[in-house]
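Adding 7 to a residue's 1-based position in the sequence shown gives its number in this note's numbering.
By construction, the Cβ of each residue, glycine as well, lies at the ideal position given by its N, Cα and C atoms.
Keep in mind the model is a prediction, meaning the values are calculated, not measured.
First up is the structure itself, then whatever we jot down about it.
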Amino acid sequence: MRVPIIAGNWKMNHTVETGTALARAVSDNAPRSGVEVVVAPSLVSLASVVDVLVAGPVHVAAQNMHWADNGAYTGDVSAEMLLDVGCRYVILGHSERRQIFLESDELINRKIISALAAGLKPIVCIGESLEEREAAHTRLKVIFQLRAALTGVLREDMANVVIAYEPIWAIGTGKTASPEQAQEVHALIREQLGELYSAEVAQATRLLYGGSVKPSNIDELIAQPDIDGALVGGASLTADSFLALTRAAVA
Ligand code: PGA
8 MRVPIIAGNW
18 KMNHTVETGT
28 ALARAVSDNA
38 PRSGVEVVVA
48 PSLVSLASVV
58 DVLVAGPVHV
68 AAQNMHWADN
78 GAYTGDVSAE
88 MLLDVGCRYV
98 ILGHSERRQI
108 FLESDELINR
118 KIISALAAGL
128 KPIVCIGESL
138 EEREAAHTRL
148 KVIFQLRAAL
158 TGVLREDMAN
168 VVIAYEPIWA
178 IGTGKTASPE
188 QAQEVHALIR
198 EQLGELYSAE
208 VAQATRLLYG
218 GSVKPSNIDE
228 LIAQPDIDGA
238 LVGGASLTAD
248 SFLALTRAAV
258 A
């Protein structure tokens with residue numbers, strides 16, 4: 008049985024003060040079982056949010072990291088630094104990192120390998136653009152990105168990998184993929200994991216959907232057989248909407 012994950016990606020939002028208040032509200036009210044709840048604050052809030060969450064059920068993710076262990080990489084942080092501050096997960100390959108910061112598939116793969124080697128669990132984001140969907144290239148794009156991301160990732164490491172399917176056209180746009188569209192791609196990803204690794208790995212790996220997930224559409228998404236939770240941007244920024252998502256994932 009796959010325990011669903013509801014992960015909130017705060018992106019470049021919240022100060023230490025508002026972020027810790029949000030984290031406290033989430034921690035105090037999130038379901039204690041049946042769902043894994045994760046929040047991803049900004050780098051500068053990570054340590055304070057970890058302090059607030061340390062005794063509770065909610066885990067902390069970083070939004071990005073560098074692939075190297077240390078060195079002259081101005082402005083960046085390593086997997087070890089994130090673990091040191093109390094992170095358990097790291098979001099890698101988010102479409103905003105790919106598009107705005109021009110992160111390549113190869114770079115993202117190096118980060119995934121580095122995160123796993125350090126003991127951080129990557130939440131690996133993949134997904135097609137609107138042009139790719141309209142050109143009927145969704146399958147090709149998803150397969151390509153998945154295989155590129157997992158190059159060199161060993162079967163025994165897959166227990167620590169979470170995949171997030173995030174169609175770019177649905178992120179922050181208010182447009183959600185229909186449950187059928189999302190399920191179709193999730194089934195494809197699971198099938199690919201079966202080919203790349205094994206049927207057991209395919210069945211055990213958690214596949215999140217992301218892109219304008221909110222309390223009003225979570226139920227029909229989470230009801231799909233291959234959707235094991237959500238990676239949430241906008242609706243993770245307030246306690247009420249995020250908590251509603253965590254409760255929906257349990258039911
Ligand atoms: P959104 O963002 O929920 O605001 O669409 C999702 C994401 O970028 O992970």
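Can you confirm whether residue i, when its beta carbon is compared against all beta carbons of chain D, has any partner nearer than 7 angstroms?
i, result
"Ile-196", "Among the protein chains of the structure shown there is no chain D, as only one such chain exists."
Identify whether residue i lies in helix, strand or coil by the three-state DSSP scheme.
i, result
"Ile-178", "coil"
"Asn-167", "helix"
"Gly-15", "strand"
"Gly-218", "coil"
"Ala-236", "Checking the displayed sequence, the identity of residue 236 turns out to be Gly instead of Ala. Strand, per DSSP."
"Arg-31", "helix"
"Arg-9", "coil"
Between residue i and residue j, which are expected to be in contact by the criterion C-beta below 8 angstroms, what is the C-beta distance as a whole number of angstroms?
i, j, result
"Ala-37", "Leu-250", "6 angstroms"
"Gly-183", "Gly-218", "The displayed chain sequence assigns Thr, not Gly, to residue 183. 6 angstroms between Cβ atoms; contact."
"Leu-127", "Leu-90", "6 angstroms"
"Thr-212", "Leu-200", "6 angstroms"
"Asn-71", "Arg-104", "6 angstroms"
"Ile-150", "Gly-100", "About 15 angstroms; that fails the 8 angstroms criterion."
"Asp-233", "Leu-214", "6 angstroms"
"Glu-135", "Pro-186", "That pair is no contact at about 17 angstroms."
Checking 7 angstroms against the spacing of the C-beta atoms, do residue i and residue j come in under that value?
i, j, result
"Val-239", "Val-220", "yes"
"Leu-137", "Trp-176", "yes"
"Pro-129", "Val-92", "no"
"Ala-124", "Glu-87", "no"
"Ala-256", "Ile-13", "yes"
"Val-67", "Cys-94", "yes"
"Ala-47", "Trp-17", "yes"
"Val-59", "Val-44", "no"
"Ala-30", "Ala-246", "no"
Measuring from the CB of residue i, is there a heavy atom of the ligand MG at a distance below 6 angstroms?
i, result
"Gly-240", "Looking for the ligand MG in the displayed structure turns up nothing; the ligands present are the ligand PGA."
> Can you list the alpha helix (DSSP H) stretches of 4 or more residues lying completely in the stretch 38-105, in chain order?
Replying inline: 53-60, 86-92
> Which parts of the stretch 105-149 are runs of the alpha helix (DSSP H), unbroken and 4 residues or longer, counting only runs that do not cross its ends?
Replying inline: 112-125, 137-141
> So does the stretch 76-88 actually touch the stretch 105-113, counting three or more Cβ pairs closer than 8 angstroms?
Replying inline: no
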